[in-house]
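> Before I ask anything, here is the structure I am working with.
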Amino acid sequence: MNKSKAPRELGLFQAVMIGLGGAIGIEIFVLLNYATYLAGSTIVPVLFVCGIINLLTMLSFCELGAAVPEVGGEYSYAKAAFGGFLAFLTGWLRWISNVFGAALAALGFAYHFLYFIPTAIIPVDRSLLVALIAVAIIVVLTVLSIRGTRQMGAMIVIAFIAVFLVFIAGGILYGLEPKLFYPTTLEESSNFVAAVTYTFLMFLGMRAIAAGGAVVKEPGKNIPRAIILSAVVLMALYCGIAYVTISIVSLEEIAAPTALPLSIAAGKILGEGGAIIMTIAGIVAALSSLSTAIMVQSSITRGLSRDGYLPKFLLSPHRRFKTPHIVIIFGSIFYILFAATGVVEFVGSVAAFASLFGFALVNLSLLKLRVKKPYLPRPFKVPLYPYTPIVGILLSLILLIFIEPRAFSLGVGFIALGLLAYYLKMVGYHRIRISFGGMSLGIGGFTTLLAYLIGTGFTLPLALSPQLTAILFYVLIFVSIISILAGIFNIVSKG
Amino acid sequence: MKVRKFVVTFFGVTQEVVGVLAIVFAYVLYYNLLHIRTNSEIPLEHVSIYLLLLFVFGFVSILNGFFLLRERVELDGESGS
Numbered sequence: 002m003n004k005s006k007a008p009r010e011l012g013l014f015q016a017v018m019i020g021l022g023g024a025i026g027i028e029i030f031v032l033l034n035y036a037t038y039l040a041g042s043t044i045v046p047v048l049f050v051c052g053i054i055n056l057l058t059m060l061s062f063c064e065l066g067a068a069v070p071e072v073g074g075e076y077s078y079a080k081a082a083f084g085g086f087l088a089f090l091t092g093w094l095r096w097i098s099n100v101f102g103a104a105l106a107a108l109g110f111a112y113h114f115l116y117f118i119p120t121a122i123i124p125v126d127r128s129l130l131v132a133l134i135a136v137a138i139i140v141v142l143t144v145l146s147i148r149g150t151r152q153m154g155a156m157i158v159i160a161f162i163a164v165f166l167v168f169i170a171g172g173i174l175y176g177l178e179p180k181l182f183y184p185t186t187l188e189e190s191s192n193f194v195a196a197v198t199y200t201f202l203m204f205l206g207m208r209a210i211a212a213g214g215a216v217v218k219e220p221g222k223n224i225p226r227a228i229i230l231s232a233v234v235l236m237a238l239y240c241g242i243a244y245v246t247i248s249i250v251s252l253e254e255i256a257a258p259t260a261l262p263l264s265i266a267a268g269k270i271l272g273e274g275g276a277i278i279m280t281i282a283g284i285v286a287a288l289s290s291l292s293t294a295i296m297v298q299s300s301i302t303r304g305l306s307r308d309g310y311l312p313k314f315l316l317s318p319h320r321r322f323k324t325p326h327i328v329i330i331f332g333s334i335f336y337i338l339f340a341a342t343g344v345v346e347f348v349g350s351v352a353a354f355a356s357l358f359g360f361a362l363v364n365l366s367l368l369k370l371r372v373k374k375p376y377l378p379r380p381f382k383v384p385l386y387p388y389t390p391i392v393g394i395l396l397s398l399i400l401l402i403f404i405e406p407r408a409f410s411l412g413v414g415f416i417a418l419g420l421l422a423y424y425l426k427m428v429g430y431h432r433i434r435i436s437f438g439g440m441s442l443g444i445g446g447f448t449t450l451l452a453y454l455i456g457t458g459f460t461l462p463l464a465l466s467p468q469l470t471a472i473l474f475y476v477l478i479f480v481s482i483i484s485i486l487a488g489i490f491n492i493v494s495k496g
Numbered sequence: 004m005k006v007r008k009f010v011v012t013f014f015g016v017t018q019e020v021v022g023v024l025a026i027v028f029a030y031v032l033y034y035n036l037l038h039i040r041t042n043s044e045i046p047l048e049h050v051s052i053y054l055l056l057l058f059v060f061g062f063v064s065i066l067n068g069f070f071l072l073r074e075r076v077e078l079d080g081e082s083g084s
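Line by line, the protein sequences give chains R and U. The first sequence: position 365 = 366 (the working numbering), numbered continuously. The second sequence: position 2 = 5 (the working numbering), numbered continuously.
Take a look at the structure:
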């Protein structure tokens with residue numbers, strides 16, 4: 002993406018706020034359910050391990066963020082390191098991750114919003130309805146003014162930290178005891194790893210620091226510090242939250258996918274008021290995550306369009322508001338589609354798949370850039386190079402194996418779609434047109450043969466009346482003529 | 004130029020319509036609307052192959068139509084300038 006010309010005006014504190022703002026979102030509110038179901042009482046070590054694994058790749062982000070301080074994050078790193086397909090794939094994976102992240106946020110909004118609405122008012126398919134409303138609200142807000150939604154960042158982060166600290170402190174004062182509500186499922190170590198994979202999303206928003214590296218003062222010093230500080234704060238907060246939650250809430254209480262473990266725990270610790278505040282925090286987190294995901298998605302799509310991987314018309318700004326409304330609306334179709342599945346585990350798993358794959362590519366970019374561009378300024382260097390990025394790659398790939406199978410399949414499908422888009426772009430319009438013209442010609446030939454067989458009395462494996470068979474014959478003749486002629490026109494075209 | 008415009012528009016629109024109809028027919032077949040699957044005595048295990056054929060045909064047809072209609076837009080641009 003383009004080099005940013007924005008002045009470097011953010012210090013360490015603001016950079017940490019960016020990291021925490023990127024990471025603290027709806028994930029901790031909605032992913033804890035299923036993660037606890039997978040890991041049982043080992044959820045706290047799961048989050049700790051997850052934080053450590055994230056930190057490994059964040060170190061790569063640190064070095065790359067300082068060496069390639071451009072807007073676009075990992076896409077820019079892969080572009081500097083490899084260019085071509087791997088850069089496109091990295092941007093594509095980030096796009097997938099954000100689209101599913103937005104869908105997750107919309108679902109999170111729905112679940113939290115429904116806390117305040119009695120079942121009698123909206124009796125059917127409530128989650129989907131509210132998810133759609135959430136997406137619509139954010140799309141409109143973002144199209145009208147991206148700047149307005151961005152300015153809420155720092156205020157929200159401080160408010161969240163305050164709410165979480167009150168929650169943890171309240172839990173400790175409440176008198177936590179290691180109640181054995183949860184079955185220890187460590188004997189199935191795959192569950193532990195699957196939970197690590199699933200909770201991966203909770204931390205990866207920290208990369209917002211590296212993506213915004215272009216506006217951070219003394220990036221060589223501040224970006225690495227900010228990422229490490231953010232990781233430590235997040236690990237402490239999330240482990241504390243998880244510990245308090247599993248000490249207070251039983252497995253039965255959070256068994257339903259729509260259950261809100263943090264709200265239930267807050268209700269027990271702080272009373273009804275606590276539950277309401279935590280639920281409102283969930284709503285704000287959802288809206289904040291949704292807004293961030295939409296902005297990042299729009300930025301990536303514009304970058305890919307600018308570099309010629311996607312159609313240029315996506316770049317057109319709104320005549321009045323000057324916002325990239327086509328990109329935002331284009332992405333929102335996908336958020337709505339995936340939010341409509343209504344399954345948090347599935348949506349979260351696809352987002353994790355794309356992020357993990359992307360993390361492997363970031364580490365690969367670091368290795369490549371060290372060799373290809375050793376002269377780049379690197380005020381911060383990954384310790385224990387090359388082992389750290391190699392371990393980062395291996396861990397990302399290992400975690401990928403534990404992704405939920407349906408989510409894995411869809412992720413692979415999306416990558417295949419990206420490959421196709423890239424291939425079509427590389428081949429060029431004229432050749433694609435000729436190839437489709439050839440296919441049309443082939444279809445025309447096939448339908449002609451079929452019409453001939455019917456005309457000569459060939460028995461089809463269909464129970465059609467003589468009248469219908471005659472109609473089918475004429476339809477096939479018509480289709481074959483159209484297909485053959487359209488194919489010829491496309492093949493002989495000059496454009 | 005006028006003949007070419009007419010030809011690409013006619014074939015482009017027809018290809019689009021045929022392609023969309025093929026996909027609509029695939030859905031009709033899948034959901035057995037108007038009992039079309041039952042009346043045609045198509046076994047359930049054969050439906051997937053019909054769907055595949057209809058989708059591939061519809062997809063190719065729609066894209067072919069798109070290329071022709073795009074040529075029409077380009078011809079309009081040339082004659083306009």
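C-beta atoms are modelled at their ideal positions from N, C-alpha and C, and glycine is treated no differently. Small disclaimer: the values here were computed from a predicted structure and weren't measured.
(1) Which residues, in chain order, does the region 13-25 of chain U contribute to contact with chain R at a C-beta distance below 8 Å?
(2) Go ahead and pull the three-state DSSP assignment for L11 of chain R.
(3) Please tell me whether V540 of chain R and E75 of chain R are closer than 7 Å, where the distance is taken between their beta carbons.
(4) What is the DSSP secondary structure of V429 of chain R, reduced to helix, strand or coil?
(5) Is it buried or exposed for Q152 of chain R, if we count other Cβ within 10 angstroms and need 16 for buried?
(6) Establish whether the CB of I444 of chain R and some CB of chain U are separated by less than 7 Å.
(7) To the nearest angstrom, report how far apart A487 of chain R and L315 of chain R are at their CA atoms.
(8) Reducing DSSP to helix, strand and coil, say where V69 of chain R ends up.
(9) Please work out which residues of its chain come closer than 6 Å, Cβ to Cβ, to L33 of chain R, disregarding the five sequence neighbours upstream and downstream, and give them in chain order.
(10) Is the shortest distance between the beta-carbon of S51 of chain U and the beta-carbons of chain R less than 7 Å?
(11) If the cut-off is 7 Å on Cβ atoms, which residues from the region 454-471 of chain R count as contacting chain U, listed in chain order?
(12) How long is the line joining the alpha carbons of V16 of chain U and V23 of chain U, rounded to whole angstroms?
(13) Name the DSSP beta bridge partners of V217 of chain R, please?
(14) Going by C-alpha to C-alpha distance, which of R:F479, R:P462, R:Y475 sits closest to I52 of chain U?
(15) Under 8 Å by Cβ, that's how I've got R432 of chain R and S494 of chain R pegged, so tell me the actual separation to the nearest angstrom.
(16) Please report the distance separating the alpha-carbon of L181 of chain R from that of V45 of chain R.
(17) Would you mind reading off the limits of the alpha helix (DSSP H) that contains P467 of chain R?
(18) Could you pull out every unbroken alpha helix (DSSP H) segment of at least 4 residues lying fully inside the region 330-383 of chain R, listed in chain order?
(19) Leaving out the 5 sequence neighbours to the left and right, which residues in its chain are closer than 8 Å to M156 of chain R when beta-carbon positions are compared?
(20) Would R379 of chain R pass as a contact of E71 of chain R if the rule is Cβ separation under 7 Å?
(21) So the candidates are R:L205, R:I97, R:F83, R:L13; which of them puts its Cα closest to the Cα of L48 of chain R?
(22) Going by DSSP in three states, G84 of chain R sits in which element: helix, strand or coil?
(23) Counting only Cβ-Cβ distances shorter than 9 Å, please list the residues of the region 472-487 of chain R near chain U, keeping chain order.
(24) What first and last residue would you give for the alpha helix (DSSP H) that runs through L288 of chain R?
(25) Less than 7 Å separating the beta-carbons of A106 of chain R and A287 of chain R?
(26) Suppose only complete runs of 3+ residues qualify. What are the beta strand (DSSP E) ranges in the region 27-61 of chain U, listed by chain order?
(27) Just to confirm my understanding: we take V392 of chain R, look at its own chain, exclude 5 residues before and 5 after, and list those with CB closer than 7 Å. What are they?
(28) For M59 of chain R, is the classification buried or exposed, using 16 other Cβ atoms within 10 angstroms of its Cβ as the cut-off for buried?
(29) Taking C-beta pairs closer than 7 Å, name the residues in chain R that V11 of chain U reaches, listed in chain order.
(30) The alpha helix (DSSP H) that contains G393 of chain R, what's its start and end?
(31) Between L47 of chain U and chain R, is any beta-carbon pair separated by less than 7 Å?
(32) Interface residues of chain R around V63 of chain U at Cβ under 8 Å?
(33) Judging by CA-CA distance, which residue of R:W93, R:M18, R:G429, R:R303 is the nearest neighbour of I330 of chain R?
(34) Report the rounded CA-to-CA distance for Y199 of chain R versus E44 of chain U, giving the unit in angstroms.
(35) Output the distance between the C-alpha atoms of L108 of chain R and G102 of chain R, rounded to the nearest integer angstrom.
(36) Less than 7 Å between CB atoms is the rule here; does F60 of chain U satisfy it with respect to chain R?
So, from the listed chains and residues:
(1) Of all residues in the region 13-25 of chain U, those with a C-beta nearer than 8 Å to a C-beta of chain R are F14, G15, T17, Q18, V21, reading in chain order.
(2) Against the first sequence, residue 11 of chain R aligns to sequence position 10. Strand, per DSSP.
(3) In this structure chain R extends from 2 to 496, so residue 540 of chain R is not present and cannot be described.
(4) The sequence position of residue 429 of chain R within the first sequence is 428, counting from 1. The residue asked about is misnamed: residue 429 of chain R is Gly in this sequence, not Val. Correct three-state label for G429 of chain R: coil.
(5) As a working note, residue 152 of chain R is residue 151 in the first sequence. The predicted model places Q152 of chain R with a pLDDT of 46, which falls under 50 and marks its position as unreliable; any figure quoted below should be read in that light. Exposed, because fewer than 16 other Cβ atoms sit within 10 Å of the Cβ of Q152 of chain R.
(6) On the first sequence, residue 444 of chain R is found 443 positions in, with the first residue counted as 1. Yes, contact with chain U.
(7) On the first sequence, position 486 is the one that residue 487 of chain R refers to. On the first sequence, position 314 is the one that residue 315 of chain R refers to. The alpha-carbon atoms of A487 of chain R and L315 of chain R are separated by roughly 29 Å.
(8) In the first sequence, residue 69 of chain R corresponds to position 68, counting from 1. When DSSP states are grouped into helix, strand and coil, V69 of chain R belongs to the coil group.
(9) Start at 1 with the first residue of the first sequence, and residue 33 of chain R comes out as number 32. Same-chain partners within the cutoff: P262.
(10) Working through the second sequence from its first residue, we reach residue 51 of chain U at position 48. Contact with chain R is absent for S51 of chain U, since none of that chain's Cβ atoms lies less than 7 Å from the residue's Cβ.
(11) Answer in chain order: L463, A464, L465.
(12) Your numbering for residue 16 of chain U matches position 13 in the second sequence. Your numbering for residue 23 of chain U matches position 20 in the second sequence. Approximately 11 Å, taken between the alpha carbons.
(13) The residue labelled residue 217 of chain R in the question sits at position 216 within the first sequence. Looking at the DSSP output, V217 of chain R sits in a beta bridge with R:L11.
(14) In the second sequence, residue 52 of chain U corresponds to position 49, counting from 1. Comparing Cα-Cα distances from I52 of chain U to each of R:F479, R:P462, R:Y475, the minimum goes to R:P462.
(15) Working through the first sequence from its first residue, we reach residue 432 of chain R at position 431. Working through the first sequence from its first residue, we reach residue 494 of chain R at position 493. Not a contact, Cβ separation roughly 12 Å.
(16) Locating residue 181 of chain R in the first sequence gives position 180, where the first residue counts as 1. Locating residue 45 of chain R in the first sequence gives position 44, where the first residue counts as 1. For L181 of chain R, the predicted structure reports a pLDDT of 48, less than 50, and the residue's modelled location is therefore unreliable. A value from the coordinates is still provided. L181 of chain R and V45 of chain R: Cα-Cα distance of roughly 14 Å.
(17) Here residue 467 of chain R refers to the residue found at position 466 when the first sequence is read from its first residue. Per DSSP, P467 of chain R is one residue of the alpha helix (DSSP H) stretching across 467-493.
(18) You should have 345-373.
(19) Numbered from 1 along the first sequence, position 155 holds the residue referred to as residue 156 of chain R. Excluding residues within five positions, none has a Cβ falling inside 8 Å.
(20) Along the first sequence, one-based indexing puts residue 379 of chain R at 378. Along the first sequence, one-based indexing puts residue 71 of chain R at 70. It is not a contact, given that the beta carbons lie outside the stated cut-off.
(21) In the first sequence, residue 48 of chain R corresponds to position 47, counting from 1. The shortest C-alpha separation from L48 of chain R is found at R:L205.
(22) Within the first sequence, numbered from 1, the residue matching residue 84 of chain R stands at position 83. Coil, per DSSP.
(23) So the list reads F479, V480, I483, S484, L486, A487, given in the order they occur along the chain.
(24) As a first step, residue 288 of chain R is located in the first sequence; it is residue number 287 there, counting from the start. L288 of chain R -> alpha helix (DSSP H) spans 273-307.
(25) Here residue 106 of chain R is taken as the residue at index 105 of the first sequence, counted from 1. Here residue 287 of chain R is taken as the residue at index 286 of the first sequence, counted from 1. Remark: C-beta atoms of A106 of chain R and A287 of chain R approach each other more closely than 7 Å.
(26) For the region 27-61 of chain U, not a single whole beta strand (DSSP E) run of length 3 or above is found.
(27) Here residue 392 of chain R corresponds to residue number 391 of the first sequence, with the count starting at 1. Counting only Cβ-Cβ distances below 7 Å, and skipping sequence neighbours, we find L57.
(28) Taking the first residue of the first sequence as position 1, residue 59 of chain R is located at position 58. Sixteen is the threshold: when 16 or more other Cβ atoms of the shown chains lie within 10 Å of the Cβ of M59 of chain R, as they do, the residue is buried.
(29) Residue numbering aside, residue 11 of chain U sits at position 8 when the second sequence is read from its first letter. By Cβ distance, chain R contributes F490.
(30) Within the first sequence, numbered from 1, the residue matching residue 393 of chain R stands at position 392. Where G393 of chain R is concerned, the enclosing alpha helix (DSSP H) stretches over 388-402.
(31) For the purposes of this step, residue 47 of chain U is identified with residue 44 of the second sequence, where counting begins at 1. Interface annotation, L47 of chain U: not in contact with chain R, CB-CB separation never under 7 Å.
(32) Working through the second sequence from its first residue, we reach residue 63 of chain U at position 60. Near V63 of chain U (Cβ distances below 8 Å), the residues of chain R are F437, M440, S441, I444.
(33) In the first sequence, residue 330 of chain R corresponds to position 329, counting from 1. Checking every option, the nearest Cα to that of I330 of chain R belongs to R:R303.
(34) Residue numbering aside, residue 199 of chain R sits at position 198 when the first sequence is read from its first letter. Residue numbering aside, residue 44 of chain U sits at position 41 when the second sequence is read from its first letter. About 46 Å.
(35) As a working note, residue 108 of chain R is residue 107 in the first sequence. As a working note, residue 102 of chain R is residue 101 in the first sequence. When rounded, the distance between both Cα atoms is 10 Å.
(36) Taking the second sequence and counting its residues from 1, one reaches residue 60 of chain U at position 57. For F60 of chain U, a Cβ of chain R is located within less than 7 Å of the residue's own Cβ.
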